[in-house]
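Take a look at the structure set out below.
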Amino acid sequence: MDQLSQIHTGISILEISYVIASVLFILGLKMLSHPLTARRGNALAAFGMGLAIIATILFHQKDGKPIGNIGLILAAIGIGVIIGWIIAKRVKMTAMPQLVSFFNGMGGAAAALISMMEFPHVSPELIAKSGMANGHVLAILLGLMIGTVSWAGSMIAFGKLDGWIGDMRIKAMRYVNLTILAILIGFIVFIMTRHVQASSELTPFIYVMFVISIIYGVLFVMPIGGADMPVVISLLNSFTGVAAAMGGFLYNNQAMLTGGILVGSAGTILTILMCRAMNRSLLNVIVGVFGGGGQENVAVAGSIKEISISDAAVLLSYSKKVVIVPGYGLAVAQAQHICHELDKLLEEKGVEVKYAIHPVAGRMPGHMNVLLAEADVPYEQLIESEEINPDLPNTDVLVVIGANDVVNPAAEDDPSSPIYGMPIIKARDARNIIVMKRGMGKGYAAIENMLFFNDKTRMLFGDAKSTLQNLVNEVKSL
Amino acid sequence: MENILGFFLLHREAIFIVILSIFLGIEVISHVPAILHTPLMSGANAIHGVVIIGAIIVMGHADTTGSMILGFLAVVLGTLNVVGGFVVTDRMLEMFKKKK
Numbered sequence: 000m001d002q003l004s005q006i007h008t009g010i011s012i013l014e015i016s017y018v019i020a021s022v023l024f025i026l027g028l029k030m031l032s033h034p035l036t037a038r039r040g041n042a043l044a045a046f047g048m049g050l051a052i053i054a055t056i057l058f059h060q061k062d063g064k065p066i067g068n069i070g071l072i073l074a075a076i077g078i079g080v081i082i083g084w085i086i087a088k089r090v091k092m093t094a095m096p097q098l099v100s101f102f103n104g105m106g107g108a109a110a111a112l113i114s115m116m117e118f119p120h121v122s123p124e125l126i127a128k129s130g131m132a133n134g135h136v137l138a139i140l141l142g143l144m145i146g147t148v149s150w151a152g153s154m155i156a157f158g159k160l161d162g163w164i165g166d167m168r169i170k171a172m173r174y175v176n177l178t179i180l181a182i183l184i185g186f187i188v189f190i191m192t193r194h195v196q197a198s199s200e201l202t203p204f205i206y207v208m209f210v211i212s213i214i215y216g217v218l219f220v221m222p223i224g225g226a227d228m229p230v231v232i233s234l235l236n237s238f239t240g241v242a243a244a245m246g247g248f249l250y251n252n253q254a255m256l257t258g259g260i261l262v263g264s265a266g267t268i269l270t271i272l273m274c275r276a277m278n279r280s281l282l283n284v285i286v287g288v289f290g291g292g293g294q295e296n297v298a299v300a301g302s303i304k305e306i307s308i309s310d311a312a313v314l315l316s317y318s319k320k321v322v323i324v325p326g327y328g329l330a331v332a333q334a335q336h337i338c339h340e341l342d343k344l345l346e347e348k349g350v351e352v353k354y355a356i357h358p359v360a361g362r363m364p365g366h367m368n369v370l371l372a373e374a375d376v377p378y379e380q381l382i383e384s385e386e387i388n389p390d391l392p393n394t395d396v397l398v399v400i401g402a403n404d405v406v407n408p409a410a411e412d413d414p415s416s417p418i419y420g421m422p423i424i425k426a427r428d429a430r431n432i433i434v435m436k437r438g439m440g441k442g443y444a445a446i447e448n449m450l451f452f453n454d455k456t457r458m459l460f461g462d463a464k465s466t467l468q469n470l471v472n473e474v475k476s477l
Numbered sequence: 000m001e002n003i004l005g006f007f008l009l010h011r012e013a014i015f016i017v018i019l020s021i022f023l024g025i026e027v028i029s030h031v032p033a034i035l036h037t038p039l040m041s042g043a044n045a046i047h048g049v050v051i052i053g054a055i056i057v058m059g060h061a062d063t064t065g066s067m068i069l070g071f072l073a074v075v076l077g078t079l080n081v082v083g084g085f086v087v088t089d090r091m092l093e094m095f096k097k098k099k
């Protein structure tokens with residue numbers, strides 16, 4: 000009797016912890032969507048997670064048995080904490096998108112592993128009663144499929160953003176992908192319609208399904224490139240959420256269910272918002288083979304004109320209004336600090352300096368804001384592209400630092416261009432344009448940029464950091 | 000047909016939670032400014048690390064060496080997701096705060 004009441008107390012505490020954790024996840028996510036409360040929101044969600052984990056270890060029961068192997072579980076958590084902490088703290092802010100993708104993949108893999116381990120243990124009574132076609136089996140299979148696709152896809156996205164996996168752009172790919180997806184669904188139907196005594200008889204099929212899901216995940220992300228990468232990561236993020244929710248279904252665990260579905264739906268909305276920022280539809284991102292191709296043969300009118308560091312320094316120092324358009328090139332060169340130094344110097348000389356931030360500047364929406372905030376650039380100086388565009392005709396000098404696609408006029412002029420329709424910073428409206436670039440290489444979307452051939456444009460070739468350093472020295476000596 | 004009805008009845012609580020959570024997720028996220036897209040994605044990324052609870056349960060009841068190894072791996076990966084996710088998000092947001 001005493002033991003029984005103890006069990007009930009434990010389970011009650013566990014369930015209460017899950018309710019609290021779910022509420023904290025919701026509050027945390029809500030607070031994360033406002034600049035002022037974001038950091039507290041994150042801490043709150045983390046606290047909820049810690050609570051749910053501790054309560055599970057202490058109080059979870061399965062058929063009356065408490066959690067075993069506690070030593071090993073704590074060891075595993077310890078390893079995860081140390082590795083996760085070190086990676087998260089050490090990685091440069093420029094590598095943030097691939098890091099999010101990496102951690103997302105880990106979650107997907109965990110969900111897939113859970114499904115693989117649970118499949119042979121579906122209760123025989125359940126199978127005897129309703130066959131393999133029950134919610135339990137469906138949750139396991141979906142968890143396996145979605146988790147694996149999310150893991151494999153995230154790893155490819157990680158590799159692409161890190162630059163060691165290229166794009167694979169073959170038009171036929173979408174049919175191959177649809178076929179594989181159909182095969183996967185076929186597998187689910189096949190497994191669920193078998194008549195067996197125990198689910199373990201079907202375990203080999205699970206492994207085949209695992210392998211096919213990996214292939215699907217890889218092929219799903221392979222053709223997607225260019226500016227669409229963040230959209231894919233966001234989408235895979237919501238996939239993992241759904242995979243986690245399948246686990247919640249499996250264990251009748253409300254914290255996993257709420258947390259997973261919350262991320263699944265919020266992630267989907269976030270994905271759609273990102274697509275909207277680029278004026279593209281989600282379907283277009285997934286099936287449209289983006290980047291490259293297009294106007295290869297367009298005759299290039301005009302010529303490239305260079306400018307010397309000293310001329311650029313004079314031009315900037317005697318301007319009234321300067322707008323800086325930072326891009327990924329600035330981030331890669333770690334030039335955000337020196338860039339801020341230049342803008343402070345110019346402001347001292349009475350020049351008004353603003354930053355024009357494109358929604359997808361960098362490699363992810365908001366990435367550039369994070370990087371410039373790291374360099375202490377005041378928040379008020381960062382202007383979103385839509386707001387700054389009307390102001391550009393009154394701008395004396397517009398400085399493009401390592402950005403390319405977001406200032407490409409092809410988005411407005413050339414209906415055949417893959418970026419046609421994407422909102423851009425209307426750089427060519429400015430009176431003078433200085434473009435800092437490493438070389439004549441194309442942008443991430445791999446298309447030619449007519450802005451560089453504009454009569455008002457002067458090029459300043461070289462690494463963003465050293466060029467900016469020279470420019471700062473030159474402005475100082477004026 | 001009977002199967003579907005039975006399925007619904009058996010899992011009605013979970014189905015309730017799923018439907019309500021979908022609406023909640025949509026409601027919570029809409030109106031988020033573009034600057035917060037990255038931190039928000041990262042924060043949501045950390046929250047689905049809740050899958051670690053499933054990993055702990057599996058590991059806690061693992062009986063064979065094989066499932067023990069897989070369970071161990073699942074807990075490590077789940078922890079990576081949780082810790083990495085929250086720490087990275089905090090690092091991003093910390094930078095926003097410094098501006099004043």
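From first to last, the protein sequence lines are chains P and Y.
Count the first sequence with numbering that gives the first Met the number 0 and you get residues 0 to 477, in order.
Count the second sequence with numbering that gives the first Met the number 0 and you get residues 0 to 99, in order.
By construction, the Cβ of each residue, glycine as well, lies at the ideal position given by its N, Cα and C atoms.
| message | Using a Cβ-Cβ cutoff of less than 7 Å, which residues in the same chain neighbour Phe451(P) once the five nearest sequence positions on both sides are dropped? | response | Ile303, Val434, Met458
**Message:** In whole angstroms, give me the CA-to-CA distance for Ile139(P) and Pro358(P).
**Reply:** 38 Å
Notebook entry, point to check: Beta-carbon separation of Ala87(P) and Val87(Y) under 8 Å?
Noted result: yes
- Task: Mind listing, in chain order, the continuous alpha helix (DSSP H) runs of no fewer than 4 residues lying wholly within the stretch 328-386 of chain P?
- Result: 335-347, 366-373
- When you compare only the Cα positions, how much space is there between Arg89(P) and Gly79(P)? 15 Å
In chain order, what residues of the stretch 347-380 of chain P put their CB closer than 7 Å to some CB of chain Y? Pro358, Met363, Pro364, Gly365, His366, Asn368, Val369, Ala372, Glu373, Asp375, Pro377, Tyr378
- Task: Report the rounded CA-to-CA distance for Phe209(P) versus Gly42(Y), giving the unit in angstroms.
- Result: 28 Å
- Going along chain Y in order, which residues have a C-beta closer than 8 Å to the C-beta of Asn68(P)? Met58, Gly59, Ala61, Met67, Gly70
Can a CB atom of chain Y be found closer than 8 Å to the CB of Thr456(P)? no
Q.
Using 8 Å as the cut-off, can you tell me whether the stretch 213-223 of chain P makes contact with the stretch 152-166 of chain P, which would need three or more C-beta pairs spanning the two stretches below that distance?
A. yes
Quiz prompt | Residue span of the beta strand (DSSP E) that contains Thr456(P), given as start and end | solution = 456-460
Identify whether Leu477(P) lies in helix, strand or coil by the three-state DSSP scheme. coil
In its own chain, which residues sit with a C-beta less than 7 Å from the C-beta of Phe24(P), not counting the 5 before and 5 after it? Ala44, Gly47, Thr257, Gly258, Leu261
- Residue from Ala54(Y), Ile18(Y), Pro32(Y) with nearest C-alpha to Ala491(P): Not covered by the structure: residue 491(P). The range shown for chain P is 0 to 477.
Any beta carbon from chain P within less than 8 Å of Ala11(Y)'s own beta carbon?
What sits at residue 11(Y) in the sequence shown is Arg, not Ala. So, not an interface residue.
So which residues on chain Y does His59(P) lean against when the C-beta distance must stay under 7 Å? Ile56, Gly59
Problem - Own chain partners of Gly70(Y) with C-beta closer than 7 Å, once the 5 adjacent residues on each side are dropped - result: Ala54, Val57, Met58, Ala61
_Whole-angstrom distance between Val396(P) and Arg430(P), CA atom to CA atom_ = 6 Å
DSSP-derived helix/strand/coil call for Glu26(Y)
helix
query: Are the stretch 107-117 of chain P and the stretch 240-258 of chain P touching, with three or more C-beta to C-beta distances below 8 Å?
result: yes
task: Use the C-beta contact count for Leu19(Y): other C-beta atoms within 10 angstroms, 16 or more gives buried, fewer gives exposed.
output: exposed
### Message
Are the CB atoms of Leu79(Y) and Met517(P) within a distance shorter than 8 Å?
### Response
Nothing about residue 517(P) can be reported from this structure: the residues present for chain P run from 0 to 477 only.
Leu76(Y) and Gly502(P) - do their beta-carbons sit closer together than 8 Å?
Since the first residue of chain P shown is 0 and the last is 477, residue 502(P) is not available in this structure.
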